[in-house]
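Everything below concerns the one structure shown next.
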């Protein structure tokens with residue numbers, strides 16, 4: 020615990036439903052808060068002279084919603100006594116690391132150390148990137164929407180999916196942290212074209228600069244493969260804990276922890292100065308405001324529940340939701356830090372190591388792991404999953420003695436069991452190995468995948484609203500609503516693999532899976548976005564040329580196009596920013612004020628009237644949304660239309676219906692009563708009730724009169740009639756356009772259309 024003390028008169032205090040205090044001080048505040056520029060929510064607000072503006076106050080509240088462990092004490096005279104901030108410290112150098120620092124200082128010049136540091140950070144970006152296709156491939160092989168969650172095997176499917184996605188989300192965080200450090204040093208992070216090659220003779224890929232052999236003494240060859248016991252062993256090889264016996268090197272390393280330890284030593288040398296981390300503008304780095312630990316795909320049900328129950332009911336989805344990622348699993352005040360000195364760079368490295376390789380909850384066997392012990396490491400997450408599969412316990416791999424492996428689960432699932440909850444994904448597929456008729460679709464998937472990396476690189480060229488549009492809107496749209504939906508749509512197609520194919524030893528039918536290949540979309544003179552769209556054009560052209568008999572075949576171009584259109588893929592791709600535009604060209608257009616759901620309208624007559632219902636006569640009593648229905652995060656077409664709780668950061672999810680612009684809404688409109696928020700600070704809470712609070716606060720601030728919501732927003736909850744919003748069933752019956760990307764708040768959790 021690190022404590023900062025501040026004295027000054029309190030201007031106002033408010034406390035949310037979780038007991039978290041928001042304290043606003045007047046301009047007399049003085050004391051020992053973190054210095055200006057320190058990462059965290061406090062420095063931006065307590066040093067400003069005079070009273071806060073409404074905008075500053077709003078931003079302060081958003082920051083406080085992030086559950087960063089901030090508590091405030093004050094005496095009876097409303098004078099601040101202290102501010103306590105729980106912060107996990109930066110990992111301290113071990114004796115071995117201290118010796119390595121001295122060795123580096125004696126061996127290399129300042130210029131050489133900075134060059135090695137930049138090179139290592141680019142390698143770190145590529146290491147983290149290499150894990151993404153491996154984990155995502157296994158994730159998409161899982162059927163997370165089985166017919167019922169009452170079957171234990173289906174609960175395991177959701178757990179496996181949630182855990183694997185939770186690690187994938189943090190790997191994206193780690194890649195961004197490494198890229199932020201590199202950019203701060205004046206480097207240019209490279210991601211495009213860096214996807215690993217899985218076509219080795221050994222049958223998979225190794226990680227960049229990793230030793231040829233793994234902990235079992237065999238060649239490291241991690242494949243693209245569906246969920247299985249062996250697949251999880253490959254995951255464990257990636258996340259294998261660091262040993263005290265390992266040398267600290269930047270090449271031919273054994274564990275990711277060893278490699279990052281070497282980077283920590285480089286940063287800690289006397290040749291590296293704080294000023295070295297100011298070469299890349301901090302405002303162009305990717306900030307914490309764009310990162311959320313948990314979402315609909317990481318959360319999973321720990322037991323059975325009633326999909327129609329609202330969040331405050333004991334048998335609701337919210338009551339059994341498990342959140343594998345914690346907001347308290349990082350060093351410093353934020354998970355996604357922007358870097359401007361050695362301390363913030365070391366915080367980023369500590370976060371990568373604390374979350375990634377290492378020891379897991381409840382083990383206390385290492386002083387170097389996350390001190391708060393609120394989240395299992397990636398290694399322990401995967402090992403715990405593997406303990407629920409055969410032959411764990413009887414055929415153990417080469418595991419380290421620490422952390423102590425979990426015992427075999429009481430119920431272990433066999434390969435035959437897994438076949439019921441997984442798709443028939445091939446191993447290490449390539450587009451060239453697929454039948455010609457589906458190659459354009461496979462290439463389209465790869466083109467979108469590579470375009471996402473180009474957008475990530477372009478993010479470092481812009482700042483402000485342009486960066487917000489490019490990363491927080493377009494990148495999320497490409498990842499969640501284009502790539503994700505396309506891969507799920509591809510699972511509708513079964514393809515025959517020729518006998519003797521490298522990806523299958525015998526001829527058989529397999530599910531069409533993503534190949535995550537490097538696809539060139541930059542060197543033919545056309546813009547990258549044009550090249551992505553060209554694959555859609557090719558499918559459309561081929562579909563138009565098909566005869567009725569050809570169109571009726573299962574894998575026809577017509578059926579491929581129907582799948583793409585069902586997810587609105589062509590128009591979503593067309594709506595993405597064109598990264599060939601000059602920097603600063605990504606603008607978020609102003610749009611009309613609308614509202615996202617029942618009881619959230621700002622004026623009379625602003626509510627769609629259904630049959631038998633007249634338009635509302637007052638603010639707050641509108642029957643439902645005037646905004647165009649949209650299914651989820653980033654898909655809204657107007658301001659104050661969002662707040663689902665499924666995707667988005669803590670700040671976004673704490674302000675449902677409070678987004679400022681098109682594309683910034685953090686989930687579906689309308690908001691059904693069953694939906695709960697997943698972000699820290701608001702997790703498990705009713706999204707509609709959060710939205711109603713935001714609405715009422717806005718009405719009061721604007722001096723407007725508003726009424727109670729309509730009768731359809733009230734339900735009997737735990738024996739009491741409460742305003743909780745319209746039920747999923749009511750919306751389905753009354754709104755022909757209603758669709759929710761996960762109405763209960765979890766993938767595969769029921770109440771989903």
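Residue numbers (the numbering used here): 20 to 772. No residue lacks a Cβ here, since even glycine has one placed at the ideal position from N, Cα and C.
Of the residues the options, the one placed nearest residue i, counting alpha carbons only
i: residue 446; options: 240, 481, 337 and 134; result: 240
i: residue 121; options: 288, 325 and 673; result: 288
i: residue 337; options: 419, 184 and 314; result: 314
i: residue 328; options: 729, 713 and 703; result: 703
i: residue 128; options: 262, 230, 285 and 232; result: 285
i: residue 237; options: 263, 135 and 222; result: 222
i: residue 294; options: 584, 235, 205 and 582; result: 205
i: residue 136; options: 345, 564, 566 and 291; result: 291
i: residue 259; options: 249, 458 and 276; result: 276
i: residue 301; options: 132, 528, 472 and 201; result: 201
i: residue 151; options: 215, 449, 454 and 577; result: 215
i: residue 463; options: 345, 581 and 553; result: 553
One or two residues paired with residue i in a DSSP bridge
i: residue 319; result: 341
i: residue 432; result: 408
i: residue 528; result: 515
i: residue 734; result: 741
i: residue 272; result: 229
i: residue 241; result: 224
i: residue 695; result: 705
i: residue 441; result: 161
Proximity below 9 Å, CB of residue i to CB of residue j
i: residue 765; j: residue 177; result: yes
i: residue 307; j: residue 353; result: yes
i: residue 123; j: residue 210; result: no
i: residue 160; j: residue 442; result: yes
i: residue 251; j: residue 439; result: no
i: residue 198; j: residue 305; result: yes
i: residue 282; j: residue 269; result: yes
i: residue 254; j: residue 363; result: no
i: residue 246; j: residue 183; result: yes
i: residue 355; j: residue 460; result: no
i: residue 505; j: residue 586; result: yes
i: residue 499; j: residue 551; result: no
i: residue 279; j: residue 371; result: yes
i: residue 568; j: residue 562; result: no
i: residue 267; j: residue 470; result: no
i: residue 474; j: residue 451; result: no
i: residue 373; j: residue 348; result: yes
i: residue 312; j: residue 698; result: yes
i: residue 541; j: residue 528; result: no
i: residue 547; j: residue 590; result: no
i: residue 409; j: residue 576; result: no
i: residue 486; j: residue 303; result: yes
Local Cβ density within 10 Å of residue i, reported as buried at 16 or more and exposed below that
i: residue 274; result: buried
i: residue 488; result: buried
i: residue 620; result: In this prediction, residue 620 has a pLDDT of 45, which is less than 50 and means its spatial position is unreliable; nothing more can be read from the coordinates.
i: residue 220; result: exposed
i: residue 190; result: buried
i: residue 343; result: buried
i: residue 728; result: buried
i: residue 572; result: exposed
i: residue 242; result: buried
i: residue 207; result: exposed
i: residue 543; result: exposed
i: residue 429; result: exposed
i: residue 721; result: exposed
i: residue 673; result: buried
i: residue 271; result: exposed
i: residue 72; result: Note that residue 72 has pLDDT 44, beneath the 50 cutoff, so the model's placement of it is unreliable and the number below is only indicative. Under this definition residue 72 is an exposed residue.
i: residue 680; result: Note that residue 680 scores a pLDDT of 38, beneath 50, so its modelled location is shaky; the value from the coordinates is reported in the next line. Buried, since its Cβ has 16 or more Cβ neighbours within 10 Å.
i: residue 724; result: exposed
i: residue 231; result: exposed
Any chain D beta carbon closer than 9 Å to residue i
i: residue 448; result: No chain D appears in the structure shown, which is made up of a single protein chain.
Residue i CB to nearest heavy atom of the ligand ZN below 8 Å
i: residue 571; result: The model on display carries no ligand, and the ligand ZN is accordingly not part of it.
- prompt: Does the count of Cβ pairs from the stretch 729–749 and the stretch 691–699 closer than 8 Å reach three?
  reply: yes
Cβ pair count under 8 Å reaching 3, the stretch 394–403 against the stretch 318–329: no
Three or more C-beta pairs below 8 Å linking the stretch 428–435 and the stretch 510–517: no
task: Flag this pair as touching only if the stretch 152–159 and the stretch 527–534 have three or more C-beta atom pairs under 8 Å; answer yes or no.
output: yes
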